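Peer 1:
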Amino acid sequence: MKKCFLFIIDGFILGVPMVTTIAGWEMFVGPAIAVGELASTNDLEIGIAVGRIVELHTSNVLDEDVNPDLLIESVSKYGIKSYKALFRKCLQMSVVKELEDRYKLTPYARLKKGGEVGGEELDITLSSNGQSQDLGASVRKCVSYCR
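Mind the numbering: the sequence shown is residues 45 to 191 in the numbering used here, read in order.
1) With distances taken between CB atoms, is the gap from Y147 to V139 smaller than 7 Å?
2) Counting C-beta neighbours from all protein chains within 10 Å, is the total for P61 16 or more, i.e. buried, or is it exposed?
3) With a 10 Å radius around its C-beta and 16 neighbouring C-beta atoms as the bar for buried, classify M137 as buried or exposed.
4) Excluding sequence positions up to five away, which residues of its chain have a Cβ less than 6 Å from the Cβ of K46?
5) Give me, in chain order, the residues of the same chain whose beta-carbon lies closer than 6 Å to that of D167; leave out the 5 immediate sequence neighbours on both sides.
6) Taking 8 Å as the cut-off, does the segment 121–138 touch the segment 46–58 (at least 3 CB pairs, one atom from each stretch)?
7) Is E108 helix, strand or coil by DSSP?
8) Residues in the same chain with beta-carbon distance under 8 Å from L155, minus the five sequence neighbours each way, listed in chain order, please.
9) Spatial neighbours of Y189 within its chain, please: C-beta separation below 7 Å, excluding the five flanking residues on both sides.
10) On the DSSP bridge assignment, give the partners of G163 in chain order.
11) Run through DSSP, which three-state label would V60 get?
12) Is there a Cβ of chain C sitting closer than 7 Å to that of D167, yes or no?
13) If you reduce the DSSP assignment to three classes, tell me which class L114 lands in.
14) Which partner residues does A78 have in the DSSP bridge list?
15) So, using beta-carbon positions, are V94 and V63 closer together than 7 Å?
16) Would you call G68 buried or exposed, if buried means 16 or more other Cβ atoms sit within 10 Å of its Cβ?
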């Protein structure tokens, strides 16, 4: 399965490719890729961009080859200077390509406990067929569930 994460800050969608390491860890890799403004980017454009970001998923990567600094450097222009800030300021969702013509989208809630960093999956999943227009519409709907 291929996967990416989407971060939404002030209505702007950023896509972050994922890798799976040899040890089995799923990790973000940067830089973040601009998808567009929710208000001004149509569903087809969102779907095409997100589909391309999902396809960047790579497996069997050495842990030491993953450089998390690239992600933070790429989002610093949005006022985000650390992983903690990324998770605190952004809405989050995952997009998983389950089959050639099926995506699963999961919204997340930001963690609000102490110093924890990350997000917590909500009990909602949406699905999309392989059509870019449908994927874009599903992303837009999924964002509405993020908190």
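For each residue, glycine too, the CB sits at the ideal point set by N, CA and C. On a predicted model such as this, the values are computed, not experimentally measured, just so you know.
Peer 2: Taking the geometry as given:
1) Stepping through the sequence shown from its first residue, residue 147 is reached at position 103. Stepping through the sequence shown from its first residue, residue 139 is reached at position 95. In contact: Y147 and V139 (Cβ atoms closer than 7 Å).
2) The sequence position of residue 61 within the sequence shown is 17, counting from 1. With 16 or more other Cβ atoms within 10 Å, it is buried.
3) The residue you call residue 137 lines up with position 93 of the sequence shown. So M137 counts as buried.
4) Position 2 of the sequence shown, counted from the first residue, corresponds to residue 46. If we look at K46 and ignore the five residues flanking it on each side, its Cβ neighbours are V98, H101, K141.
5) The residue labelled residue 167 in the question sits at position 123 within the sequence shown. Excluding sequence neighbours, D167 sits near nothing in its chain.
6) yes
7) Taking the sequence shown and counting its residues from 1, the one referred to as residue 108 is at position 64. Looking at E108 - three-state DSSP - the assignment turns out to be helix.
8) One-based indexing of the sequence shown puts residue 155 at position 111. The answer, listed in chain order, is F131, V161, G162, G163, E164.
9) Start at 1 with the first residue of the sequence shown, and residue 189 comes out as number 145. Cβ within range, chain order: P151, L166, I168.
10) Indexing the sequence shown from 1 puts residue 163 at position 119. Partner(s): R154.
11) Indexing the sequence shown from 1 puts residue 60 at position 16. In this structure, V60 counts as strand in the three-state DSSP scheme.
12) Annotation note: the requested chain C is absent from the structure, which comprises a single protein chain.
13) The residue given as residue 114 occupies position 70 in the sequence shown. Helix at L114.
14) In the sequence shown, the residue the question calls residue 78 occupies position 34. Answer by DSSP bridge pairing, in chain order: L58.
15) Within the sequence shown, the letter at position 50 stands for residue 94. Within the sequence shown, the letter at position 19 stands for residue 63. No, they are not a contact pair.
16) Along the sequence shown, read from residue 1 onward, the residue named residue 68 stands at position 24. G68 is exposed by the Cβ-count criterion.
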